[in-house]
Amino acid sequence: MNKTNQKSKWMKASAQWLMAGCVLAGITSCQLRTIGDPDDQAHISIDIDWSLMDEDPTGMTVIFYPTDGSSPYSYVTNEVHHIERSLPDKDYDILIFNQSIPEFTTINFRGMDLLKTAEAYAPESTDKRSRLDRLYNINDGSRGYSDSGTMKPKTLGSATTSVSKPTRGYSDSGTMKPKPRVGSLSATIHVKGLGNAAAVNGALTAFASGTYLGTEAMSSVSLTQEMDQWSMTNANASIGTIHTQVGTFGLSPNIDYDYESPTRTESEMKYIESSEEDDFRNILYLNFLLKDFTYVSYRFDVTDYIKDYTTEAEIELVLDLGTDLEEYLELPDTGLPYSTTPVSVESWGDETVDQEITVE
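Numbering-wise, this note's numbering puts 429 at position 188 of the sequence shown, and it's gapless, one number per residue.
In structure tokens, the structure reads:
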């Protein structure tokens with residue numbers, strides 16, 4: 242046997258004994274490094290716990306951000322409970338979220354080249370019709386429907402962590418637990434005379450338009466949450482209810498809770514889609530299409546009545562007006578005629594009921 246073959250057999254046996262020694266000694270780093278790996282590699286092993294979400298995703302995105310500001314390393318994988326990667330020897334911030342970016346139909350992403358700017362946000366609707374136009378839906382003949390997309394609760398979950406090298410060439414491992422970044426906003430309004438209504442839509446202002454995935458801060462840009470899909474319950478009873486639920490990133494950080502909303506008088510009530518308060522107060526707009534094909538509109542400041550039940554695993558916002566059935570919104574028998582060119586912004590005049598709604 243020549244010396245080359247003897248050396249080869251000796252090296253093979255040594256490698257086998259080394260691997261066996263790792264198993265017997267329980268040295269976990271042996272699972273991350275193999276003989277011949279360069280000394281300037283970071284070997285990162287991460288377990289992912291999706292228990293805060295409603296279900297495990299079918300895929301996930303993992304982005305490793307070098308803390309020196311160099312280009313990140315991004316991976317999309319169908320293995321959602323564990324990932325191992327060998328990367329250049331650097332410190333890393335790590336971002337994980339469910340699915341891949343193209344799979345989100347109602348959420349967009351930007352600033353993903355840096356962790357501090359990585360943002361998920363709600364894109365503007367491509368439906369440019371007014372709320373009254375959408376309520377009547379003159380364009381396609383079907384009433385009470387909007388084709389603008391809305392987010393659904395718990396559609397996005399994310400987590401971040403950091404790993405650093407104590408020495409040149411290192412191994413690091415840990416567990417990440419993504420939490421929901423899209424929560425639910427539910428609104429329930431008690432309405433007398435709901436049997437007069439054929440459809441309803443509206444909007445609620447001063448919500449965060451996005452969330453930063455690295456810092457969990459809300460975007461400072463305010464969003465008006467359109468609400469085109471309402472259910473009507475007990476419409477023919479003395480007092481019925483309308484209810485809707487949509488996805489939301491949370492309340493806008495710009496909300497001014499010390500602001501005193503001016504009292505609106507009967508002569509000031511008119512059809513409007515926006516006001517000066519929309520960026521820093523939660524203004525509820527409601528439009529009812531009545532069965533005689535007229536409409537009535539309402540506008541309320543509900544900033545102080547949105548309950549926030551946000552926890553680690555849940556973003557839940559609740560608005561409930563008229564909870565004891567003695568406080569309710571009252572619809573008239575007839576309202577204002579609908580005009581398409583332009584949308585009517587005339588005063589309610591004599592047809593107006595001076596409407597005040599009290600809440601708990």
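Positions of the beta carbon are idealized from the N, C-alpha and C atoms, including for glycine.
Rounding to the nearest angstrom, what Cα-Cα distance links residue i and residue j in this structure?
i, j, result
"residue 574", "residue 513", "21 Å"
"residue 451", "residue 435", "35 Å"
"residue 489", "residue 291", "20 Å"
"residue 421", "residue 367", "26 Å"
"residue 315", "residue 305", "6 Å"
"residue 329", "residue 413", "13 Å"
"residue 271", "residue 301", "Caution is warranted here: a pLDDT of 28 is assigned to residue 271, below 50, making its placement in the model unreliable, and no coordinate value can be reported."
"residue 443", "residue 470", "9 Å"
"residue 526", "residue 348", "24 Å"
"residue 430", "residue 577", "22 Å"
"residue 551", "residue 395", "13 Å"
"residue 499", "residue 521", "10 Å"
"residue 369", "residue 375", "9 Å"
"residue 556", "residue 486", "13 Å"
What distance in whole Å lies between the Cβ atoms of residue j and residue i, which are believed to be in contact at a cut-off of 8 Å?
i, j, result
"residue 524", "residue 542", "6 Å"
"residue 519", "residue 446", "4 Å"
"residue 553", "residue 293", "7 Å"
"residue 465", "residue 475", "Actually they are not in contact, since the Cβ atoms of residue 465 and residue 475 sit about 29 Å apart, beyond 8 Å."
"residue 327", "residue 284", "5 Å"
Ignore the nearest five residues each way along the sequence and tell me which others in residue i's own chain have a CB closer than 6 Å to its CB.
i, result
"residue 324", "287 and 303"
"residue 548", "559"
"residue 439", "530 and 532"
"residue 472", "484"
"residue 477", "436"
"residue 563", "431 and 569"
"residue 540", "526"
"residue 480", "431, 433, 566 and 569"
"residue 393", "488"
"residue 353", "359"
For residue i, collect the residues of the same chain with a Cβ closer than 7 Å to its Cβ; drop the 5 residues on either side in sequence, then sort them by chain order.
i, result
"residue 317", "300, 302 and 341"
Less than 8 Å between C-beta atoms, sequence neighbours within five positions excluded: which residues of the same chain meet that for residue i?
i, result
"residue 321", "289, 291, 297, 298, 299, 300, 301 and 339"
"residue 350", "342, 359, 360, 361 and 362"
Any beta carbon of chain C sitting closer than 8 Å to that of residue i?
i, result
"residue 473", "Of the chains in the structure shown, none is chain C; there is only one protein chain."
(message) When you compare the segment 534-542 with the segment 451-459, are there three or more beta-carbon pairs, one atom per stretch, that lie closer than 8 Å?
(response) no
(message) Check whether the segment 318-338 and the segment 396-403 touch, using three or more Cβ-Cβ pairs below 8 Å as the test.
(response) yes
(request) Would you mind listing the alpha helix (DSSP H) stretches within the segment 376-462 that are 4+ residues and don't spill past its ends, in chain order? (result) none
(request) Any chance you could list the beta strand (DSSP E) runs of at least 3 consecutive residues sitting entirely within the segment 518-568, in chain order? (result) 524-531, 536-542, 547-549 and 557-562
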